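In our numbering, the protein residues as written are 187 to 510.
Right under this line is the structure:
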């Protein structure tokens, strides 16, 4: 099997910063209430940029970081729950924008687990010899599917994008993947699409609003349990001890979830990289944005191991251990 490396990353966030105090002007909340329950202090909210716009900007940065040209890219995989359109795919729009005309393009939908799913798919394509160079992107404009009068959801999310370039290489960086889903809990985090509506309907269509609805308690229980399970499985499958892991990058959903998982695993909280205070929950972009920041902030040595772990709507979950 071919060996796979991450050779470049990039991220993009809208310039518009919305603080907790800003939100308190449009919904019944305040800064201390939000911080105490989530750890979030602010988030970035688009003022017109769509998902493909942000995905393109993150992709351009990742391509530059990888020191490749766009025509080397053989696949573009975009993970998003907030595409520009039902069709064409956001990946095809990015392809046009960056002129990567040799690429096969498609979107995947795994909500907040999307970046990890895309990373897994790209890795398997390269290992199997299907491609040598793949661009993956996690991008979301969650602000367009929020109910801005619902303080239980609108305070949590932000907009952003992250990208990574994977390439067949000399070193096998990807040590282990673990993914899964539990569709039985799908309605605990949901944004409904347009209902079936045509001239042949026998009953009147009840039109649903396409906004995020969440059972926060159910998601909390699931997230803590699944982060524990994923990290233990990844350590086992990669034959690694926790002391060998230089950094754990969790999905940036809620500080309470990360704190609870830290206690459950008996891993100090300072081993987890946390940036949700600045960006909120950016869904499929979340771990990718954090990964890009980590690569630029820390002086890793070759062979250092990192864990990415995520969970989201579906419900979905997954993680990866890889070496720098």
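From the three backbone atoms N, C-alpha and C, an ideal C-beta is built for every residue, glycine too.
Nothing here was measured: the structure is a model prediction, and the numbers come from that model.
If you compare the alpha carbons of 488, 197, 305 and 466 with that of residue 328, the shortest gap goes to 466. Within the same chain, 265, 303, 498, 500 and 502 come within 7 Å of residue 296 by CB-CB distance, once the 5 residues on both sides are set aside. Comparing alpha carbon positions, the residue from 448, 391 and 214 closest to residue 383 is 391. Distance from the CA atom of residue 471 to the CA atom of residue 380, rounded to whole angstroms, is 25 Å.
The C-alpha of residue 281 is placed about 29 Å away from the C-alpha of residue 367. About 26 Å separates the beta carbons of residue 451 and residue 195, which is beyond the 8 Å limit, so they are not a contact pair. In its chain, beyond the 5 residues on either side, 189 have a beta carbon closer than 7 Å to the beta carbon of residue 356. Nearest to residue 350 by C-alpha distance, out of 335, 250 and 372, is 250. In the structure shown, residue 443 adopts helical secondary structure according to DSSP, grouped into three states. Annotated three-state conformation of residue 398 is strand, per DSSP. Membership of residue 252 in any beta strand (DSSP E) is not indicated; the residue belongs instead to the alpha helix (DSSP H) covering 237 to 252. Around the Cβ of residue 228, a 10 Å sphere holds 16 or more other Cβ atoms; the residue is buried.
Per the coordinates, the alpha-carbon of residue 239 lies some 9 Å from the alpha-carbon of residue 347. Judged by DSSP in its simplified three-state form, residue 467 adopts strand. Straight through space, the alpha carbons of residue 214 and residue 461 are spaced by roughly 25 Å. Annotated as proximal: residue 398 and residue 331, with beta-carbon spacing under 7 Å. A straight line joining the alpha-carbon of residue 424 with that of residue 434 spans about 14 Å. Residue 302: not part of any beta strand (DSSP E); member of the alpha helix (DSSP H) spanning 300 to 313, first to last residue. Under the 10 Å beta carbon count, residue 344 is surrounded by 16 or more other beta carbons and is classified as buried.
Taken through DSSP and simplified to helix, strand or coil, residue 423 comes out as helix.
Annotation for residue 367: the continuous beta strand (DSSP E) segment containing it runs 360 to 367.
Straight-line measurement puts the Cα of residue 276 at about 12 Å from the Cα of residue 284. Per DSSP, the continuous alpha helix (DSSP H) segment holding residue 473 begins and ends at 472 to 483. Counting every other CB atom within 10 Å of its CB across the protein chains shown gives residue 270 a total of 16 or more, marking it as buried.
If you keep only unbroken beta strand (DSSP E) runs of at least 3 residues inside the stretch 251 to 297, you get 261 to 265 and 290 to 294.
Within the DSSP bridge table, the entry for residue 327 names no partner. Separation of residue 293 and residue 307 (C-alpha to C-alpha, rounded to the nearest whole angstrom) is 12 Å. In its chain, beyond the 5 residues on either side, 252, 351 and 353 have a beta carbon closer than 6 Å to the beta carbon of residue 193. A Cβ-Cβ distance of about 12 Å is found for the pair residue 262 and residue 244, leaving them out of contact under the 8 Å criterion.
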